[in-house]
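*Asks:* So the protein sequences, as listed, match chains A and B.
Read in order, the letters of the first sequence correspond to residues 21 to 303 in our numbering.
Read in order, the letters of the second sequence correspond to residues 9 to 357 in our numbering.
C-beta: ideal position from N, C-alpha, C; glycine also.
Nothing here was measured: the structure is a model prediction, and the numbers come from that model.
Structure in structure tokens, see below.
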Amino acid sequence: MELIKDLWRICRSDRSAMIGGAVVLLYVIIAVIGPYVAHVGTQQNPGDAYLGPSLAHPLGTDFIGQDVLTELIVGTRPVIEVGLCSALIVVTVGVIVGLLTGYIGGLIDSLVMRVTDIFLTIPGLPLVIVIASVIHSSSPFVLAVILSVTAWAGLARAVRSQALSLRSADFIDAARVQGLPLRTMIGRQLLPNVGPYVAINFLLAITGAIYAEVGLFILGIAPISGTNWGIMINLGMNQGALYTTKSMLYLFSPMAAIVVLQVSLVFFARALDRLFNPRLRVQ
Amino acid sequence: MIAYIAKRLLSALITIYVVVTLSFYMVRLMPGNPIAFLEAELEQQGGVPPDQIQQQVRAIFGVQPHGPLWLQYLQYVGNIFRGNFGNSALNPGVSVLSIIAAALPWTILVVGVALFVSFLIGIVVGTLMASYPDSRFAKIATGVVSLLSSIPNYLVAIVLIYVLADQMHLFPVSAAYSNATTPGVNLPFILSVLYHAILPIAAYTIVSFGGWALAMKGSVTTILGADYVRAAESKGLGPRRVTQSYIGRNAMLPMVTNLALSLGYLFGGSVFIEFYFGYPGIGYRLIDAVDSRDYSLMMGCFLLITIAVVFANLFVDLLYPLVDPRIVSPAARRQRADTSPTLEEKVHA
Numbered sequence: 021m022e023l024i025k026d027l028w029r030i031c032r033s034d035r036s037a038m039i040g041g042a043v044v045l046l047y048v049i050i051a052v053i054g055p056y057v058a059h060v061g062t063q064q065n066p067g068d069a070y071l072g073p074s075l076a077h078p079l080g081t082d083f084i085g086q087d088v089l090t091e092l093i094v095g096t097r098p099v100i101e102v103g104l105c106s107a108l109i110v111v112t113v114g115v116i117v118g119l120l121t122g123y124i125g126g127l128i129d130s131l132v133m134r135v136t137d138i139f140l141t142i143p144g145l146p147l148v149i150v151i152a153s154v155i156h157s158s159s160p161f162v163l164a165v166i167l168s169v170t171a172w173a174g175l176a177r178a179v180r181s182q183a184l185s186l187r188s189a190d191f192i193d194a195a196r197v198q199g200l201p202l203r204t205m206i207g208r209q210l211l212p213n214v215g216p217y218v219a220i221n222f223l224l225a226i227t228g229a230i231y232a233e234v235g236l237f238i239l240g241i242a243p244i245s246g247t248n249w250g251i252m253i254n255l256g257m258n259q260g261a262l263y264t265t266k267s268m269l270y271l272f273s274p275m276a277a278i279v280v281l282q283v284s285l286v287f288f289a290r291a292l293d294r295l296f297n298p299r300l301r302v303q
Numbered sequence: 009m010i011a012y013i014a015k016r017l018l019s020a021l022i023t024i025y026v027v028v029t030l031s032f033y034m035v036r037l038m039p040g041n042p043i044a045f046l047e048a049e050l051e052q053q054g055g056v057p058p059d060q061i062q063q064q065v066r067a068i069f070g071v072q073p074h075g076p077l078w079l080q081y082l083q084y085v086g087n088i089f090r091g092n093f094g095n096s097a098l099n100p101g102v103s104v105l106s107i108i109a110a111a112l113p114w115t116i117l118v119v120g121v122a123l124f125v126s127f128l129i130g131i132v133v134g135t136l137m138a139s140y141p142d143s144r145f146a147k148i149a150t151g152v153v154s155l156l157s158s159i160p161n162y163l164v165a166i167v168l169i170y171v172l173a174d175q176m177h178l179f180p181v182s183a184a185y186s187n188a189t190t191p192g193v194n195l196p197f198i199l200s201v202l203y204h205a206i207l208p209i210a211a212y213t214i215v216s217f218g219g220w221a222l223a224m225k226g227s228v229t230t231i232l233g234a235d236y237v238r239a240a241e242s243k244g245l246g247p248r249r250v251t252q253s254y255i256g257r258n259a260m261l262p263m264v265t266n267l268a269l270s271l272g273y274l275f276g277g278s279v280f281i282e283f284y285f286g287y288p289g290i291g292y293r294l295i296d297a298v299d300s301r302d303y304s305l306m307m308g309c310f311l312l313i314t315i316a317v318v319f320a321n322l323f324v325d326l327l328y329p330l331v332d333p334r335i336v337s338p339a340a341r342r343q344r345a346d347t348s349p350t351l352e353e354k355v356h357a
């Protein structure tokens, strides 16, 4: 409760954090209820193609006469779904690897950290592209796993260094003297202490996953089926949106949706950072 | 010092070896793997006897598809360490290495210049932001910088192409140089190369200088509070001297580490930037290979991007002792490794 009060206080004093949090919330709501309130039809109405903004079509229509706003709303869920799913995987793997290696130390630590370093060095995006093009799956979960393939390494390293500094803390000594099992040491003693850090990284992992996910659709590497923002941009570009002004809204609406979401996530992460990091608040 | 170099070199080689093994797994063992795909394709075409299929696969991937798995693995790894990345599946007889060798310089040119420019701008802006934290400049810069660094680079590329190249016709839409010039050391060619490289470089710089600025700001802010800075100031040293020799130099240390990390990010981003600007670098070739299912070329591009990043990392690692001599002493290194990155650094990475 105290935490939520603090968060509210920080959000109130920092307008960008407030707006960021509100926008993220709005996107989540749209992702949840979007498919119930809006439907993308399958029939093509070439006569309605590239209409300008009007009351019936606030953002105009696309190249086959579909309403752009409807597509935008329906396309929210797949993007957020994969982003959340991938961030969950990244955070779970990163925290488990980081806490275990940091706490246990020794040979296991240095071995696992060597592996982590290798994943840190491999450029993530080319690897993701290569795997996605070989597997070519349209399942959101598979896509999320592919996107997480290198992203966990950075978090694992950071969590490990936190675990290392916690390891010598008095309360850990006390817990160890009681003979608590490893599971409890990690889950009840260490985890709550890295919780805030993990929460912030969870939000950042979502931005990273959305960046790569939309990128895969834009490049046409992930299978183009259904509706999401990346597919909208991909189709728009393939229809020559760059060379005409009439499809400007169709091309730029999903781009704006992505930018607004990414920026809001980062701003909200900043608010969390200030919440958990009193040192920053003083500054 | 020698131990430090040897360790770095060894870990670079191990990384490359692991990546090669990983790519063998992808080429040979993953569901829907490229070698099986190629075999099936050749069988479907019909009229090709089985041993000829094997020969063709061998010519393209350098691996005998029906030999024992360990032999295939040895062949694959051996080929790559000898610099043989197989042949392109679509252009028979053209080696993957020659295609990539033609593409890599373009990527290195654009990525290198962009990294240099954004690093420079970021350091200056970040230092200013930290030195005058209450000024209007700092407030506006913080907003602009955090906004720009959270925008995906491909969106910036699309906007730049749309506005500056397609609508205003200020810059070329694609290619690395004009066809009217002859490649070589002559002025029109060099000017043409620069002219074509401006937009891609701008696209990288716009999204990445913000990360440097925020990281530098964080770094300078921490050092501003350090005792030795206060000591220098109370000795009566001028603000310029303090900023340059006491704050600037020390604040640069974490930046150099970030330099290595951001290389992988930039090379990864080259996929999008080069794709949209039709810039014939290695990222463009990678996407091209994916689109045309030229898997041997695709794996070659991936491997060489990775190897380039590993060597760039190694280079930065070897440079690091010059910037921070403490690094070759093991105790100091441990201490550095255990300081966790701040949020600003995380956003950037």
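Check whether the Cβ atoms of residue 236 of chain A and residue 285 of chain A sit closer than 9 Å, and answer yes or no.
*Replies:* Their beta carbons are not under 9 Å apart, which means residue 236 of chain A does not touch residue 285 of chain A by this criterion.
*Asks:* How would you call residue 352 of chain B, buried or exposed, if buried means at least 16 neighbouring beta carbons within 10 angstroms?
*Replies:* Reliability fails at residue 352 of chain B, whose pLDDT of 45 lies under 50, so the model's placement of it is uncertain and the value that follows must be treated cautiously. Per the 10 Å Cβ criterion, buried.
*Asks:* Looking at residue 166 of chain B and residue 305 of chain A, is the spacing between their C-beta atoms short of 9 Å?
*Replies:* A query on residue 305 of chain A cannot be resolved here, the shown segment of chain A reaching from 21 to 303 and no further.
*Asks:* According to DSSP, is residue 193 of chain A part of a helix, a strand, or is it coil?
*Replies:* Three-state result, residue 193 of chain A: helix.
*Asks:* Kindly give me the distance between the Cβ atoms of residue 92 of chain B and residue 102 of chain B, rounded to whole angstroms, as I take these residues to be in contact under 8 Å.
*Replies:* The pair is not a contact, with the Cβ atoms about 13 Å apart (cut-off 8 Å).
*Asks:* Residues of chain A with CB under 8 Å from residue 23 of chain B, in chain order?
*Replies:* Result: 137, 138, 141, 142.
*Asks:* What does residue 278 of chain A touch in chain B if you count any residue whose Cβ is under 7 Å from its own?
*Replies:* In chain order: 160, 163.
*Asks:* Could you tell me the alpha carbon to alpha carbon distance between residue 62 of chain B and residue 36 of chain B, rounded to whole angstroms?
*Replies:* When rounded, the distance between both Cα atoms is 14 Å.
*Asks:* Cβ of residue 110 of chain A less than 9 Å from any chain B Cβ?
*Replies:* Output row for residue 110 of chain A: interface = no.
*Asks:* State the DSSP-derived secondary structure class of residue 87 of chain A, mapped to helix, strand or coil.
*Replies:* Here residue 87 of chain A sits in strand by DSSP.
*Asks:* With H, G and I counted as helix, E and B as strand and the rest as coil, what does DSSP make of residue 258 of chain A?
*Replies:* Residue state, collapsed to three classes: helix.
*Asks:* Note down, in chain order, all residues in the segment 170-185 of chain B with a beta-carbon under 7 Å from any beta-carbon belonging to chain A.
*Replies:* Within the segment 170-185 of chain B, the qualifying residues are 170, 174.
*Asks:* Could you check the C-alpha separation between residue 41 of chain A and residue 127 of chain B for me, to the nearest Å?
*Replies:* In a straight line, the C-alpha of residue 41 of chain A is about 31 Å away from that of residue 127 of chain B.
*Asks:* Quick check on residue 302 of chain A: does DSSP put it in helix, strand or coil?
*Replies:* Residue placement at residue 302 of chain A is poorly supported in this model, since its pLDDT is 43, which falls under 50; the coordinates are not used for a value here.
*Asks:* Taking residue 146 of chain B as the reference, which of B:180, B:42, B:125, B:218 has the closest Cα?
*Replies:* Among B:180, B:42, B:125, B:218, the Cα nearest to that of residue 146 of chain B is on B:218.
*Asks:* Which chain A residues sit within Cβ distance under 9 Å of residue 295 of chain B?
*Replies:* Within chain A, the residues near residue 295 of chain B are 149, 239, 240, 241.
*Asks:* What do you reckon, are the CB atoms on residue 176 of chain A and residue 99 of chain A nearer than 9 Å?
*Replies:* No, Cβ-Cβ distance for residue 176 of chain A and residue 99 of chain A is not below 9 Å.
*Asks:* Going straight from the alpha carbon of residue 267 of chain A to that of residue 74 of chain A, what length do you get?
*Replies:* Their Cα atoms are separated by approximately 14 Å.
*Asks:* Would you say residue 253 of chain A lies against chain B (beta-carbon separation less than 9 Å)?
*Replies:* So, interface residue.
*Asks:* Give the straight-line distance between the Cα atoms of residue 248 of chain A and residue 91 of chain A, rounded to the nearest whole angstrom.
*Replies:* Taking the straight line from one Cα to the other gives about 7 Å.
*Asks:* Taking the alpha carbon of residue 136 of chain A as the reference point, which residue from A:145, A:118, A:217 has its own alpha carbon closest?
*Replies:* The shortest C-alpha separation from residue 136 of chain A is found at A:118.
*Asks:* Please name the residue or residues paired with residue 81 of chain A in a DSSP beta bridge.
*Replies:* In DSSP, residue 81 of chain A forms a bridge with A:87.
*Asks:* Note down the Cα distance separating residue 325 of chain B from residue 23 of chain B, rounded to an integer number of angstroms.
*Replies:* Approximately 14 Å, taken between the alpha carbons.
*Asks:* Near residue 270 of chain A, which residues of its chain fall below 6 Å by C-beta distance, leaving aside the five closest residues on each side in sequence?
*Replies:* The residues are 82, 88, 256.
*Asks:* Ordered along the chain, which non-local residues of its own chain (more than five positions away) have a Cβ less than 8 Å from that of residue 17 of chain B?
*Replies:* Excluding residues within five positions, the ones whose Cβ falls inside 8 Å are 322.
*Asks:* State yes or no: is the beta carbon of residue 187 of chain A nearer than 9 Å to at least one beta carbon in chain B?
*Replies:* Not closer than 9 Å to any Cβ of chain B, the Cβ of residue 187 of chain A fails to qualify, so no.
*Asks:* Would you mind stating whether residue 218 of chain A and residue 186 of chain A have Cβ atoms separated by less than 9 Å?
*Replies:* No.
*Asks:* Are the C-beta atoms of residue 283 of chain A and some chain B residue less than 9 Å apart?
*Replies:* So yes, residue 283 of chain A belongs to the interface.
*Asks:* Looking at chain B, which residues of the segment 198-229 of chain A have a Cβ within less than 9 Å of any of its Cβ atoms?
*Replies:* Hits within the stretch, in order: 217, 220, 221, 224, 227.
*Asks:* Would you grab the beta carbon distance between residue 119 of chain B and residue 205 of chain B for me? Rounded to a whole angstrom, and I think it's under 8 Å.
*Replies:* That belief does not hold up - the Cβ atoms of residue 119 of chain B and residue 205 of chain B are roughly 11 Å apart, past 8 Å.
*Asks:* When DSSP labels each residue in this structure, what does residue 153 of chain A get in the three-state scheme?
*Replies:* In the structure shown, residue 153 of chain A sits in a helix (DSSP, three-state: H, G or I).
*Asks:* Checking 9 Å against the spacing of the C-beta atoms, do residue 144 of chain A and residue 276 of chain B come in under that value?
*Replies:* For residue 144 of chain A and residue 276 of chain B, yes; Cβs fall inside 9 Å.
*Asks:* With DSSP collapsed to three states, give me the class of residue 87 of chain B.
*Replies:* Here residue 87 of chain B sits in helix by DSSP.
*Asks:* Using a beta-carbon distance cut-off of less than 9 Å, what residues from the segment 22-47 of chain A approach chain B?
*Replies:* Those residues of the segment 22-47 of chain A that come within reach of chain B (Cβ to Cβ, closer than 9 Å) are 36.
*Asks:* For the candidate residues A:148, A:294, A:32, whose alpha-carbon lies nearest to that of residue 279 of chain B?
*Replies:* Cα-wise, what sits closest to residue 279 of chain B is A:148.
*Asks:* Under 9 Å Cβ-Cβ, which residues of chain A neighbour residue 283 of chain B?
*Replies:* Correct list: 238, 239.
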